Structure formats: C-alpha cells, structure tokens
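S.K.: Below is the structure I would like to discuss, written out as structure tokens.
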Amino acid sequence: MALSPDWLNDKYSRLERKNAFDGSLVHGTSKFNRDTGRNSKPVNPFQAFIDPETNLIRQELTRPRNCPVCGAPPGEGLFIKDGFRHVRCPSCGLIYVSLILRDEIMIKYWREEMAWNAVLRTGPQTDMDKLKFAYGLELASSHAPGELPGTLLDVGAGTGTFIRLADGRGWKTTALELNVESAETMESEGYQVIVKPLELADLSENAYDMVTLWEVLEHLAEPKIVLSNTRELLTSGGVLLILVPNSGSLVTRILHEKSNTFGGHSHLNHFNPSSMKILLESLDYEILEMETVLTELGTIYNHLDFQDPYLGDAPETIPQLTPELIHDKLWGSRLLVVAKKADDS
Ligand SMILES: [Zn+2]
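Residue numbers (numbering that gives the first Met the number 0): 0 to 344.
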C-alpha cells in the first residue's frame, strides 16, 4: 500500500517539514552560503572563452536551440550573463539559454566537475539535503502504487545523498550519474551506478516504481527527450519526482540576472509552474503535486537593503512576507513536482 504520512494532509505540518530544510531559515543566509562554500565556488569556468566584442561565449563552442518545451524559435532576449544569452519563449514563457555549449563540451564538464561536489558534501548542506530528500521521497511514495518500497531510478544522482537515504529505507536503487568522482564514490559503497546519459543507458521499460530528477532538468539541453524516456521506464502508476529552480520564485523575480540561478554554462532551462505544466502535459504526464520549497527570504532582504544578496546580513523588514505566504503563492526558489503517466494514455 502507498504510504500516507500524517504530515501530508496537514498544511502546517507540511510547512514545518519544509522549513526544517530551508538553509536560509535554519542557518541564516550568509552563514549557510559561507559554511557550504558556495561563496568560494568559481563563478564561471568558461570565462576565458568569452569574446570581448560580443560579450558572448565564442561561437565555435556553442550551438543554437529552439525552446526545449514547445519548440518555438528563440524570442525576446532578457539579458546576457557569463557569456550566455537568456531568452524568454514567446509561446510558452520558458526562460532558457540559447546558444548553449556544444554537447561534447557539456558532457566533459559534467564528467569532471568537482567544485559543486565539494559544496554538496559539506555537513550543513548534507543535513539539509537529507531532510529535503526524505520529504520528497515520502511525498512521492504517497502516490506510488503497490508494495513499497519498490524500485527507484535516480537520474543525476550527484554525490549520492539521496541514493543512500532511499537505500536505507529499503528501496532497490539504480543511480545514473555522469560525474566520474561521484559515480566512483557510489560504486565503492556498493550501489548500482550507470555512468551514461539516460538515452544511452539501455534500461528496462516499465521497471521503476519511482524515477527521481533532483535538480537535473535545468541542466539538460533536451529535457523533453529525457522525460519521454523516464515515462517509458515507469511502471503502471509509477511516479516521477522533479525538483528544479523556480524562475517564478519571488527571489528570482526580484534579483533577475543577479540571481545565482542564472549561469548559462550549466543552467540551461528556467521553469516556472506554468512552463513545467505545459512540458509534463505535452508528454502525457498527470501532475499529482506541484509546490515550492526553500524561501530565500534572507537573499531578498539583503538585495532590498543594497547588500550582496548572498552574503549580506540585512534584518527582516517585511513581517507579512512569511514562508507560508511564499509557498502558498508558489514563490519558493525550487519547484517540486510529482507526476505519473496519464491514465488514458
Ligand atoms: Zn516555448
């Protein structure tokens, strides 16, 4: 039977669970950013390839693409950041990067990237992530079919914190991860790891009761192909869990290009609730849950106080701006979605 934890049907218990892994609320914004090493991460590893005449990454390293949700040609240019042009789709509203790095450059980057792994492995980040992953796993499980725990595929498993948690709760896990260092660590701990992109992984269809994509879709040149593949891999009634940065969040709509979420070499797609809905429904998924997590309230206050948004220490100045309001409006900085294959398809 599907698990249905008590907190799920009580709005305030649910909010309490979310607030417990909101690093800014728990630790304070600048302290959390410093303690996790976010502030010392290299800003743009492709800085050296920016053409000073155009402010864009040298064209021979890039390729164009249309809107990855609806296929429309690139529309209104919003801004250039770190050498990449960010545009908004005139048809579906998605904010995305075009031109993007060529596929082989992107894959090499993901295989070798280490700086973000170091952030993910810090104590404060791991503690917050475990609570976040437990929340998502319980939420998605409440919609999953049959005997649980069952089979779980984690696409883009990162340093493995979620795989360890799911395994500890009895799920039969498979991790998909391109990063060599992360994959080797998980393999050395005995986990099943596939070091290939999903399209090449040759996994069995109808085999997974849950497929998870924790902060993965924003990185993919072709998110639609990946979601179409995950649909084939799910069992009947199996659930898909997605977490992505939310371009409809209050923090991103206030900070615009100053938001850390915009960095064109790796964050290629910026979904909001509306473009995510269009994407999933176009692939015959039925959305079961859509909500936001993480407030970034401190980031907002720092910016409003003319301080560094991520390292300032501004006081809270708008008492009405509560985590409850933020999440009621889907203004949190991450969008969390649970979906399954639509029944009639
Ligand atoms: Zn579009």
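For glycine and all other residues, C-beta sits at the position ideal for the given N, C-alpha and C.
Owing to the predicted nature of the structure, the values given are computational and were not obtained by experimental measurement.
Excluding sequence positions up to five away, which residues of its chain have a Cβ less than 6 Å from the Cβ of L55?
M.R.: Excluding positions up to five away in sequence, the list reads G82.
S.K.: Answer yes or no: the CB of L164 versus the heavy atoms of ligand 1, is any distance below 8 Å?
M.R.: Outside the cutoff, so no.
S.K.: Could you check where the alpha helix (DSSP H) with H255 kicks off and where it finishes?
M.R.: From DSSP, H255 is part of no alpha helix (DSSP H); its letter is neither H nor E.
S.K.: So does S90 have its beta carbon nearer than 8 Å to some heavy atom of ligand 1?
M.R.: True, at least one ligand heavy atom lies under 8 Å from that Cβ.
S.K.: Quick one: is A156 buried, meaning 16 or more other Cβ sit within 10 Å of its Cβ, or exposed?
M.R.: Buried, by the Cβ-count rule.
S.K.: Check whether the Cβ of K71 lies closer than 8 Å to any heavy atom of ligand 1, and answer yes or no.
M.R.: Note that residue 71 is Ala in the sequence shown here, rather than Lys. Result yes, Cβ under 8 Å from ligand 1.
S.K.: Going by beta-carbon coordinates alone, are T321 and P308 separated by less than 9 Å?
M.R.: No, the pair does not count as a contact, with Cβ atoms beyond the cut-off.
S.K.: With a CB to CB cut of under 7 Å and the five nearest residues on each side skipped, what residues in its chain are close to I99?
M.R.: Answer for I99: T61, R62, R64, A220 and L267, listed in chain order.
S.K.: Where does D9 land, buried or exposed, given buried means 16+ other C-beta within 10 angstroms?
M.R.: Its Cβ having fewer than 16 others within 10 Å, D9 is exposed.
S.K.: Whole angstroms is fine: what's the gap from K131's alpha carbon to R101's?
M.R.: For K131 and R101, the distance between alpha carbons rounds to 33 Å.
S.K.: Would you identify the three-state DSSP class for E188, choosing helix, strand or coil?
M.R.: In this structure, E188 counts as coil in the three-state DSSP scheme.
S.K.: Give the single residue among E15, M105, A338 and I49 whose Cα lies nearest to the Cα of E218.
M.R.: The question names Glu, but residue 218 in the sequence shown is His. For H218, the nearest C-alpha among the options comes from M105.
S.K.: I'd like to confirm something about V337: is its beta-carbon nearer than 8 Å to some heavy atom of ligand 1, or not?
M.R.: No - ligand 1 has no heavy atom lying nearer than 8 Å to the Cβ of V337.
S.K.: Pick helix, strand or coil for K340, following the three-state DSSP scheme.
M.R.: In the structure shown, K340 sits in a strand (DSSP, three-state: E or B).
S.K.: What residues in its chain sit with their C-beta under 8 Å from that of H142, if we drop five residues either side in the sequence?
M.R.: Excluding sequence neighbours, H142 sits near A1, V238, L287, E288, V337 and K339.
S.K.: If the criterion is Cβ atoms closer than 9 Å, does the pair L279 and V243 meet it?
M.R.: Taking 9 Å as the Cβ cut-off, L279 and V243 do not qualify as a contacting pair.
S.K.: Among R333, Y300 and D312, which residue has its Cα nearest to the Cα of P348?
M.R.: The structure shown does not extend to residue 348, since the chain spans only 0 to 344, so no value can be given for it.
S.K.: In this structure, how does DSSP classify I317 when only helix, strand and coil are distinguished?
M.R.: I317 falls in the coil class under three-state DSSP.
S.K.: Taking its Cβ as the centre, do 16 or more other Cβ atoms sit within 10 Å of G159, making it buried, or is it exposed?
M.R.: G159 is buried by the Cβ-count criterion.
S.K.: Leaving out five residues before and five after T234 in sequence, what residues of the same chain have Cβ atoms less than 6 Å from its Cβ?
M.R.: Cβ neighbours of T234 beyond the five flanking positions: N205 and D208.
S.K.: Using DSSP with H/G/I as helix, E/B as strand and the rest coil, what is S281?
M.R.: S281: helix per DSSP, three-state reduction.
S.K.: DSSP on G375, reduced to helix/strand/coil?
M.R.: Here the chain has residues from 0 to 344 only, and residue 375 is not among them.
S.K.: Using 9 Å as the threshold, is the C-beta distance between N245 and G331 below it?
M.R.: Closer than 9 Å, so yes.
S.K.: Can you tell me which of the three DSSP states Y300 falls into?
M.R.: Reduced to three states, the DSSP call for Y300 is helix.
S.K.: Below 8 Å, is the gap between the Cβ of V243 and the nearest heavy atom of ligand 1?
M.R.: Not under cutoff, so the answer is no.
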